[in-house]
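Student:
In this note's numbering, the protein residues as written are 129 to 256.
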């Protein structure tokens, strides 16, 4: 009789990625670009090219720094976004940083779902 001991499961490591989704496609082309740390899907040819260029600049800057996207805290992400001239990415990073400060938590304490919810811009208020 052989007894097998189950090993404890390894903690799951989340991978961070920049995901770009273009919604302005009118020519029925399916555009997809995958990078080491990014995924770009959809959009018109122009929109897709702009998103691809941002992702490429981000990946090149991360490589130059010897870092991965998931290694950056929100302040470092905001600085990287400024370096690669991506105001949209910088705004997301600043929303994450403000949300963490508001909740008194660290990036590592948050789940992927909580971070995603924090990164979404607030809904504009409507007048009554």
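Ideal Cβ positions, reconstructed from N, Cα and C, are used throughout, including at glycine.
Look at the alpha carbon of residue 150 and the alpha carbon of residue 192, and state the distance between them as a whole number of angstroms.
Tutor: 27 Å
Student: Would you call the stretch 177–184 and the stretch 229–244 in contact, with 3 or more CB pairs under 8 Å?
Tutor: no
Student: What is the DSSP secondary structure of residue 194, counted as helix, strand or coil?
Tutor: coil
Student: Determine whether the beta carbon atoms of residue 118 and residue 208 lie at a separation below 8 Å.
Tutor: Since the first residue of the chain shown is 129 and the last is 256, residue 118 is not available in this structure.
Student: Rounded to a whole number of angstroms, what is the C-alpha to C-alpha distance between residue 202 and residue 251?
Tutor: 21 Å
Student: Thinking C-beta only, is residue 218 closer than 8 Å to residue 206?
Tutor: Between residue 206 and residue 218, the C-beta spacing is below 8 Å.
Student: Put residue 220 into one of helix, strand or coil per three-state DSSP.
Tutor: DSSP places residue 220 within a helical segment (H, G or I) once states are collapsed to three.
Student: Is residue 160 buried or exposed, if buried means 16 or more other CB atoms sit within 10 Å of its CB?
Tutor: exposed
Student: Where does residue 205 sit, in a helix, a strand or coil, going by DSSP?
Tutor: helix
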